[in-house]
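S.K.:
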Amino acid sequence: MKNGADAVIRVHGLHKHFGSNHVVRGVDLAVERGEVLVIIGPSGSGKSTFLRCLNFLEEYDGGEVWFGDNLVGYRRGANGKLLRDRERNIAHVRAQMGMVFQSFNLFPYKTVLENVIEGPVIVQGEPVDQARAFGLDLLRKVGIHDKADAYPSRISGGQQQRAAIARALAMRPKAMLFDEPTSALDPELVGEVLDVMKGLAAEGMTMVVVTHEMNFAREVADRVVMMDEGLFVETGPPAEIFSAPRLPRTAEFLRRVIH
Amino acid sequence: MSYTWHFGILLDYQVVFYRAAAVTIEVTMGSLAIGLTLGLTLGMMRLSRHAVLRWPAVFYIELFRSTPVLVQLVWIYYALPVLSGVQMGNVATLIVGLGLHSAAYLAEIFRAGILSIDRGQMDAAKAIGMGYLQAMRRIILPPAVRRMIPPFINEFATLMKLTTLGTVLAVSELLHESENLINNTYRPLEIYTVLALVFAAIIFPFIYLSQRLEKALTVRS
């Protein structure tokens, strides 16, 4: 089953239906360690659904997702058939992948620092003092150290998203998934979040990013994937995709988003 | 208007009201404890994606919501022993019966409260490696329960008034004791008036508190 010896995430023939709606229609992918992969494409093309299949927030119904040596979400039963994995195993795999959401999804009744240490303390059983110290380091790194004791509703969208990134990093993830992290932000706040993401990429974090920020894709991505109608229709280094797209629909999409 | 009110004689019997009020409160608290525990379980079962959990909960909730409480109580007291050999005392029957009944309504309050929390909260909790029950307990239920406080108190008041059905099982709660008192004193108008006031005196503080809480919570969010 293995290909790409150093791949962190491997996807084989992935399918996902919502009722009769076939959203992901057979996708293959291998994300190498330290790679930044950016997925672009028109809305409704299945990008977010694909990303959410990687940590089983969406339960895919065909194909396989591998995270390291773990098959994500399923286990092989006695007769060789795939069964839904135990909740505990699914959670264990998820804990190793950070995820950042379009709508931040911070816990509103917890302070920024409490949001950040929730996973390490509750899920990983880390001592509170140690988790707080690491949490404060992370908040310093994303530049909102002074907001540690603020509640999410009291800080800006950009600060909330940076807090959400710190919350994901607190789990010491092996890869980070970003689901349109800047789409809900006012334009002037987009930059501060992208800067944090660029910093992570520079440190060698493995990242899968769904975004409409084409400049980010051009500057930071190692590989860009164009998704359309549930399929990866074109893949390549950003220079190639942006300057000489192979497919007319990629060219057409880029023309519409880059004015 | 020739009726002369004689509230004075009730002063001699005030201890009857204290004792009966204690029974009423005991039954209310007991059945509330059963109702909350079972209600949370049923509410979560009804939200489950597994049909084997969901359907029994739906059946239970709709059965108890669509039959009269009085019939449920009498059934548990008289029919259950015949079928199962389990005979509970009248107070136990009242507590269990009202507990089972309120569980159906509380389950729906829990379900609505859980559904009112943004789906992204569960996503975020799962993404940091929490299991479903852990996410419920740590992330979903705390804010959901805050929103449930007003309907809970409403249900609490309803439950306390339903304890008067205990009179058909001869439980010495407020209504039953009042009726006994009427047989001794022949003062039904005074006694029913005081009975109503006693209920109001117990329940009103909770309703007041619920309104205060509701206001405080809307201000904060």
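Residue numbers (my numbering), protein chains in the order written: chain S, 24 to 282; chain C, 5 to 225. The beta carbon of each residue, even a glycine, is placed where N, CA and C say it ideally should be. As the structure is a prediction and not an experimental result, all values here were calculated from the model.
1) Would you tell me roughly how many angstroms separate the C-alpha atoms of LYS219 (chain C) and PRO175 (chain S), rounded to the nearest one?
2) Against chain S, with Cβ distances strictly below 9 Å, would ILE132 (chain C) count as a contact?
3) In the stretch 99-121 of chain S, which residues sit with their C-beta less than 9 Å from some C-beta in chain C, listed in chain order?
4) What would DSSP say about GLU263 (chain S), mapped onto helix, strand or coil?
5) What three-state label does DSSP hand ARG142 (chain C) in the structure shown?
6) Counting Cβ pairs, one atom from each stretch, are 3 or more of them under 8 Å apart for the stretch 146-158 of chain C and the stretch 72-87 of chain C?
7) Alpha carbon to alpha carbon, how far is ARG234 (chain C) from GLY214 (chain S)?
8) Taking 9 Å as the CB-CB cut-off, is GLY124 (chain C) touching chain S?
9) Under 9 Å, Cβ to Cβ, is there at least one residue of chain S near ILE143 (chain C)?
10) Just tell me which of C:LEU178, C:HIS180 and C:LEU166 has its CA closest to the CA of LEU77 (chain C).
11) Name the two residues that bound the continuous alpha helix (DSSP H) containing ILE65 (chain C).
12) If distances are taken between C-alpha atoms only, which option among S:LEU77, S:GLU149, S:PRO143 and S:GLY158 comes closest to VAL135 (chain S)?
13) If we define contact as Cβ-Cβ less than 9 Å, is GLY135 (chain C) a contact residue for chain D?
14) Would you say the beta carbon of LEU162 (chain S) comes nearer than 8 Å to a heavy atom of the ligand PLP?
15) Thinking just about the alpha-carbon of each residue, which of C:PRO146, C:ALA111 and C:ALA107 is nearest to the one in MET126 (chain C)?
16) When you compare each of C:PHE208, C:TYR190 and C:ILE207 to TRP9 (chain C) by their alpha carbons, which one comes out closest?
17) Report the rounded CA-to-CA distance for ASN26 (chain S) versus VAL219 (chain S), giving the unit in angstroms.
18) For THR229 (chain S), which three-state DSSP category applies?
19) Roughly how many angstroms lie between the CA atoms of ARG216 (chain C) and PHE160 (chain C), to the nearest whole one?
20) Who are the neighbours of ASP127 (chain C) on chain S, taking C-beta pairs under 7 Å?
21) Taking all protein chains shown into account, decide if GLU66 (chain C) is buried (16 or more other Cβ within 10 angstroms of its Cβ) or exposed.
22) Quick one: list the residues of chain S neighbouring PRO147 (chain C), beta-carbon separation under 8 Å, in chain order.
23) Between MET230 (chain S) and VAL59 (chain S), how many whole angstroms is the CB-CB distance? I'm expecting something under 8 Å.
24) Whose C-beta lies closer than 7 Å to the C-beta of CYS76 (chain S) among residues of the same chain, with five residues either side of it excluded?
25) Judging by CA-CA distance, which residue of S:ILE32, S:LEU162 and S:MET228 is the nearest neighbour of ASN138 (chain S)?
26) Can you tell me whether DSSP reads TYR132 (chain S) as helix, strand or coil?
27) Quick check: what's the CA-CA separation for VAL165 (chain S) versus ASP202 (chain S)?
28) Taking three-plus beta-carbon pairs below 8 Å as touching, is the stretch 99-118 of chain C in contact with the stretch 44-60 of chain C?
29) If I measure Cβ to Cβ from LEU74 (chain S) and keep anything under 6 Å in the same chain, skipping five residues before and after, which residues do I get?
30) Between the stretch 139-171 of chain S and chain C, which residues of the former have CB atoms less than 7 Å from a CB of the latter, in chain order?
31) With a threshold of 16 other CB atoms inside 10 Å of the CB of ALA108 (chain C), please say whether the residue is buried or exposed.
32) Can you pull the DSSP bridge partners for PHE276 (chain S)?
33) Relative to the alpha-carbon of GLY12 (chain C), which residue among C:ILE195, C:ILE206, C:PHE203 and C:TYR212 has its alpha-carbon at the smallest distance?
34) Rounding to the nearest angstrom, what Cα-Cα distance links PRO4 (chain C) and ALA191 (chain S) in this structure?
35) Counting C-beta neighbours from all protein chains within 10 Å, is the total for MET24 (chain S) 16 or more, i.e. buried, or is it exposed?
M.R.: The answer reads as follows:
1) 21 Å
2) yes
3) GLU110, ARG111, ILE113, ALA114, HIS115, VAL116, ARG117, ALA118, GLN119, MET120 and GLY121
4) helix
5) helix
6) no
7) Any property of residue 234 (chain C) remains undetermined from this structure, which presents chain C solely from 5 to 225.
8) yes
9) yes
10) C:LEU166
11) 55-69
12) S:GLY158
13) No chain D is present in this structure, whose protein chains are S and C.
14) For the ligand PLP, the structure offers nothing, since it holds no ligand at all.
15) C:PRO146
16) C:TYR190
17) With a pLDDT of 47 at ASN26 (chain S), under the threshold of 50, the predicted position of this residue should be treated as unreliable, though the coordinate-derived value follows. Rounded to the nearest angstrom, the two C-alpha atoms are 31 Å apart.
18) coil
19) 16 Å
20) LEU80, PHE124 and ASN128
21) exposed
22) PRO131 and TYR132
23) 5 Å
24) LEU37, LYS39, VAL47, TYR83 and VAL88
25) S:LEU162
26) coil
27) 18 Å
28) yes
29) LEU200, ASP202 and VAL233
30) GLU141, GLY142, ILE145 and VAL146
31) buried
32) PHE276 (chain S) is not bridged to any residue.
33) C:ILE195
34) Here chain C comprises residues numbered 5 to 225, so residue 4 (chain C) is not present and cannot be evaluated.
35) Caution applies to MET24 (chain S), whose pLDDT of 39 falls short of 50 and renders its modelled position unreliable; the model cannot decide the point.
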